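Asks: Chains as they are written, first to last, in the working numbering: chain A, 1 to 214; chain B, 1001 to 1214.
Can you read through this structure? Questions will come right after.
2 protein chains.
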Amino acid sequence: MVIDLKISEPSLQDKIYRELRQKIMLGDLSPGHSLTLRGLAQLYDVSMTPAREVLRRLAAEGALIVTNTGRFMTPILGNDRLEELNALRGLLEPEIAARALPRAHLALIDRMQLINSRIAQAVIQKEPISYVQANLEFHRSLYLRAQAPAMLALVENIWLQIGPTMRVLYEKIGVLETPKHHVSILAALKSSDEQKLRLMIQTDVTNGLRMLIR
Amino acid sequence: MVIDLKISEPSLQDKIYRELRQKIMLGDLSPGHSLTLRGLAQLYDVSMTPAREVLRRLAAEGALIVTNTGRFMTPILGNDRLEELNALRGLLEPEIAARALPRAHLALIDRMQLINSRIAQAVIQKEPISYVQANLEFHRSLYLRAQAPAMLALVENIWLQIGPTMRVLYEKIGVLETPKHHVSILAALKSSDEQKLRLMIQTDVTNGLRMLIR
DNA sequence: ATAATTTATTTGTGATCACAAATAAATATT
DNA sequence: AATATTTATTTGTGATCACAAATAAATTAT
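Okay, here's the thing in structure tokens:
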């Protein structure tokens, strides 16, 4: 019997999808930014077909909204929606963090510490995108350990939705300070204190917005 | 100035999408059921294009999985995944129910009572699909009052993912009994007891699976 | 000038096609 | 008979096109 393992190369649309998704999540696109099939298509030098799939997929995930005439744009979130999404973060992220806690060994904590210093750098250099990117990476690197893919998917889904709006908030306020609760999070991880971890993740998420919204 | 309001008729794919989505959520399709572009297309007498959009959209929502060769099928959930999704229900649904509580007036409670009797009927007649449908409607009619669209979207997203699997579980066990916590839920609503409501929603969701899984 | 109307352009939707890869069916080989 | 190989069929992907609806631009009328 001959077995040939295929590396099934990612389809054309997958590449475009991942790039756009990343841009949106990091706030590279501002709220209300509209995207067209043909525009996206010739940007990546492909036909309309894969471009269409990408936009619809992102729309299905809430990363884009579809106007009632079928146009695609990044969502413009009102305060109430933003607070709702943030409440979801406050609900989900402590839970997934708690699940990751038993599996969070030292190597992970070290890596998170490293990422945290990258956040500090982004603050100094006032680069909001790098800031958001490192900040999300800080959280994700922990959450990955929870081995709860469905939960992580929901969390990232929310990050996607708030991406563009968060960016403009950061620009309006200016990235003032490195998130002060991250050290407490790391401490809670080291001491395996689940209650403290939940609380710190919760306040980190909640305060992040509260700082911005007014 | 002349304003003409358009009733912008739903696109072709929207109709197909909603129907398929409903089928999946109610468990009309069993786990591992595979769907093809051409099959779906000629089932609805359309071209491949809208069929493709529908399948990809459902895949983006987790209602379908895409095999590594690009085929579409309803997900086959292992026990761990199923428990994770159920944990998410147990996390989200009490919260959204609590938010609905202040707005839950008597008319709503009456309607829920009515739906509950439909559940009882489905139990007697042993119609698992009607059972699931009425059961979800019971919950959704409450959650709609929360005015938390993002939260509701996540909840329905999870319902979508577990739809096919729940169906076979119901068939294996048989729909034995009308959910016993629903009356407690209604009681909690009437007395505006948030803590009790959270607890009852939680146990209703959790026990629902626990009953089935072993 | 401002608002209404007309014209031009852009846009998403759905259909059809060619193509390669994956699956199923049939045949041959051990 | 069971396994390997070949052939036939089915399948998703991406490209291109026509079309109608929506938007933008230009024009006209008030």
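The C-beta atom is built at its ideal place from N, Cα and C for all residues, glycine as well.
The model shown is predicted, which means the values in this text are computed figures rather than measured ones.
Could you tell me which residues DSSP pairs with Leu35(A) in its beta bridges?
Replies: Position 35 of the first sequence, counted from the first residue, corresponds to residue 35(A). The partner list for Leu35(A) (beta bridge, DSSP) reads Phe72(A).
Asks: Classify Leu43(A): buried if its beta carbon has 16 or more other beta carbons within 10 angstroms, exposed otherwise.
Replies: In the first sequence, residue 43(A) corresponds to position 43, counting from 1. Leu43(A) is exposed by the Cβ-count criterion.
Asks: Hey, how far is the Cα of His1139(B) from the Cα of His105(A)?
Replies: Taking the second sequence and counting its residues from 1, the one referred to as residue 1139(B) is at position 139. Taking the first sequence and counting its residues from 1, the one referred to as residue 105(A) is at position 105. Taking the straight line from one Cα to the other gives about 40 Å.
Asks: Within the same chain, show all residues whose beta-carbon is closer than 8 Å to that of Leu26(A), passing over the 5 residues directly before and after it, in chain order.
Replies: Stepping through the first sequence from its first residue, residue 26(A) is reached at position 26. Taken in chain order, the residues that qualify are Ile129, Val132, Gln133, Leu136, Gly163 and Arg167.
Asks: Just checking: is the beta-carbon of Glu93(A) within a distance shorter than 8 Å of some beta-carbon in chain B?
Replies: Locating residue 93(A) in the first sequence gives position 93, where the first residue counts as 1. Not an interface residue.
Asks: With a floor of 4 residues, list each alpha helix (DSSP H) that falls wholly inside the region 94-128 of chain A, ordered by position along the chain.
Replies: Qualifying alpha helix (DSSP H) stretches, in chain order: 106-125.
Asks: Pick out whichever of Arg1052(B), Ala1153(B), Glu1127(B) and Ala1150(B) has its Cα sitting closest to the Cα of Glu1177(B).
Replies: Here residue 1177(B) refers to the residue found at position 177 of the second sequence. Checked all of Arg1052(B), Ala1153(B), Glu1127(B) and Ala1150(B); the closest Cα to Glu1177(B) is Glu1127(B).
Asks: At a Cβ threshold of 8 Å, is Glu1009(B) touching chain A?
Replies: One-based indexing of the second sequence puts residue 1009(B) at position 9. Cβ-Cβ to chain A under 8 Å: no for Glu1009(B).
Asks: With which residues is Ile1065(B) paired in a DSSP beta bridge?
Replies: Working through the second sequence from its first residue, we reach residue 1065(B) at position 65. Paired residue(s): Met1073(B).
Asks: At the level of alpha carbons, what is the spacing between Arg1018(B) and Gly39(A)?
Replies: The residue given as residue 1018(B) occupies position 18 in the second sequence. The residue given as residue 39(A) occupies position 39 in the first sequence. Between Arg1018(B) and Gly39(A), the C-alpha separation is close to 29 Å.
Asks: Going by alpha carbons, who is nearest to Ile1115(B) out of Arg1081(B), Arg1103(B), Leu1197(B) and Val1183(B)?
Replies: As a first step, residue 1115(B) must be located in the second sequence, where it is residue number 115. The residue with the shortest Cα to Cα distance from Ile1115(B) is Val1183(B).
Asks: What whole-angstrom Cβ distance do Leu1085(B) and Leu1154(B) have, given they're in contact under 8 Å?
Replies: Start at 1 with the first residue of the second sequence, and residue 1085(B) comes out as number 85. Start at 1 with the first residue of the second sequence, and residue 1154(B) comes out as number 154. That belief does not hold up - the Cβ atoms of Leu1085(B) and Leu1154(B) are roughly 11 Å apart, past 8 Å.
Asks: Mind listing which residues of the region 1143-1168 of chain B have their C-beta closer than 9 Å to chain A's C-betas, in chain order?
Replies: Cβ contacts with chain A: Gln1147, Ala1148, Pro1149, Ala1150, Met1151, Ala1153, Leu1154, Asn1157, Ile1158 and Gln1161.
Asks: What are the boundary residues of the alpha helix (DSSP H) that includes Thr1049(B)?
Replies: Locating residue 1049(B) in the second sequence gives position 49, counting from the first residue. Unbroken alpha helix (DSSP H) run through Thr1049(B): Met1048 to Ala1060.
Asks: Straight-line CA distance for Lys196(A) to Ala146(A)?
Replies: If you number the first sequence from 1, residue 196(A) lands on position 196. If you number the first sequence from 1, residue 146(A) lands on position 146. Going from the Cα of Lys196(A) to the Cα of Ala146(A) covers about 17 Å.
Asks: Excluding the 5 residues flanking Leu5(A) on each side, which residues of the same chain have their C-beta closer than 8 Å to its C-beta?
Replies: By 1-based counting over the first sequence, the position of residue 5(A) is 5. Confidence at Leu5(A) is low in this model, with a pLDDT of 46, below 50, so its placement is unreliable and the value that follows should be read with caution. Cβ within range, chain order: n/a, list empty.
Asks: Using a Cβ-Cβ cut-off of 8 Å, state whether Glu1053(B) counts as contacting chain A.
Replies: Stepping through the second sequence from its first residue, residue 1053(B) is reached at position 53. At least one chain A Cβ lies under 8 Å of Glu1053(B).
Asks: I want to see whether chain A comes within less than 8 Å of Ala1060(B), judged by CB atoms only; does it?
Replies: Along the second sequence, read from residue 1 onward, the residue named residue 1060(B) stands at position 60. It does: the Cβ of Ala1060(B) has a partner Cβ on chain A nearer than 8 Å.
Asks: Can you tell which of Met1151(B), Lys1180(B), Asn1157(B) and Gly1078(B) has the C-alpha that lies nearest to the C-alpha of Ala1098(B)?
Replies: Here residue 1098(B) refers to the residue found at position 98 of the second sequence. The shortest Cα separation from Ala1098(B) among Met1151(B), Lys1180(B), Asn1157(B) and Gly1078(B) belongs to Met1151(B).
Asks: Using the beta-carbon count (16 or more within 10 Å), is Gln13(A) buried or exposed?
Replies: Taking the first sequence and counting its residues from 1, one reaches residue 13(A) at position 13. Burial call: buried.
Asks: Out of Ala1063(B), Asp1204(B), Val1046(B) and Ser1192(B), point me to the one whose CA is closest to Lys1023(B)'s CA.
Replies: In the second sequence, residue 1023(B) corresponds to position 23, counting from 1. Among Ala1063(B), Asp1204(B), Val1046(B) and Ser1192(B), the Cα nearest to that of Lys1023(B) belongs to Ala1063(B).
Asks: Looking at the C-beta of Arg57(A), does it have a partner C-beta in chain B at a distance below 8 Å?
Replies: Residue 57(A) sits at position 57 when you count from the first residue of the first sequence. At least one chain B Cβ lies under 8 Å of Arg57(A).
Asks: Since Thr165(A) is in the alpha helix (DSSP H), which residue starts that stretch and which ends it?
Replies: Mapped onto the first sequence, residue 165(A) falls at position 165. Segment Pro149 to Ile173, the alpha helix (DSSP H) holding Thr165(A).
Asks: In chain order, what residues of the same chain have a beta carbon less than 8 Å from the beta carbon of Asn157(A), not counting five sequence neighbours either side?
Replies: The residue given as residue 157(A) occupies position 157 in the first sequence. Excluding sequence neighbours, Asn157(A) sits near Glu61 and Gly62.
Asks: Given that a residue counts as buried once 16 or more other Cβ atoms are within 10 Å of its Cβ, and exposed if not, what is Thr74(A)?
Replies: Residue numbering aside, residue 74(A) sits at position 74 when the first sequence is read from its first letter. By the 10 Å Cβ count, Thr74(A) comes out buried.
Asks: CB-CB under 6 Å to Arg1198(B), same chain, minus the five flanking residues each way: which ones, in chain order?
Replies: Walking along the second sequence from the start, residue 1198(B) turns up at place 198. Pro1094 and Ala1098.
Asks: What's the call for Thr1165(B), buried or exposed, on a 16-neighbour Cβ count within 10 Å?
Replies: Position 165 of the second sequence holds residue 1165(B). Buried is the call here.
Asks: Residues of the region 1077-1090 of chain B with a CB closer than 9 Å to any CB of chain A: list them in chain order, please.
Replies: From the region 1077-1090 of chain B, only Asp1080, Arg1081, Glu1084, Leu1085, Ala1087 and Leu1088 have a Cβ closer than 9 Å to chain A.
Asks: Measure the C-alpha to C-alpha separation of Val46(A) and Asn1079(B) and round it to an integer number of angstroms.
Replies: As a working note, residue 46(A) is residue 46 in the first sequence. As a working note, residue 1079(B) is residue 79 in the second sequence. Using only the alpha carbons, I get a separation of about 41 Å.
Asks: Decide if Val1066(B) is buried, meaning its Cβ has at least 16 other Cβ atoms within 10 Å, or exposed.
Replies: On the second sequence, position 66 is the one that residue 1066(B) refers to. Exposed is the call here.
Asks: Quick one: what's got a C-beta closer than 8 Å to Leu1186(B)'s C-beta in the same chain, skipping five residues either side?
Replies: Locating residue 1186(B) in the second sequence gives position 186, counting from the first residue. Correct list, in chain order: Ile1109, Met1112, Gln1113 and Asn1116.
Asks: Based on Cα-Cα distance, which residue from Pro50(A), Ile124(A) and Pro102(A) lies nearest to Leu144(A)?
Replies: Here residue 144(A) is taken as the residue at index 144 of the first sequence, counted from 1. When only C-alpha atoms are compared, the closest one is Pro102(A).
Asks: When the distance is taken between beta carbons, is Arg21(A) closer than 8 Å to Glu1053(B)?
Replies: As a working mapping, residue 1053(B) is identified with position 53 in the second sequence. As a working mapping, residue 21(A) is identified with position 21 in the first sequence. No. Outside cutoff.
Asks: For the alpha helix (DSSP H) that Ser184(A) lies in, which residues bound it at each end?
Replies: Locating residue 184(A) in the first sequence gives position 184, counting from the first residue. Where Ser184(A) is concerned, the enclosing alpha helix (DSSP H) stretches over His182 to Lys190.
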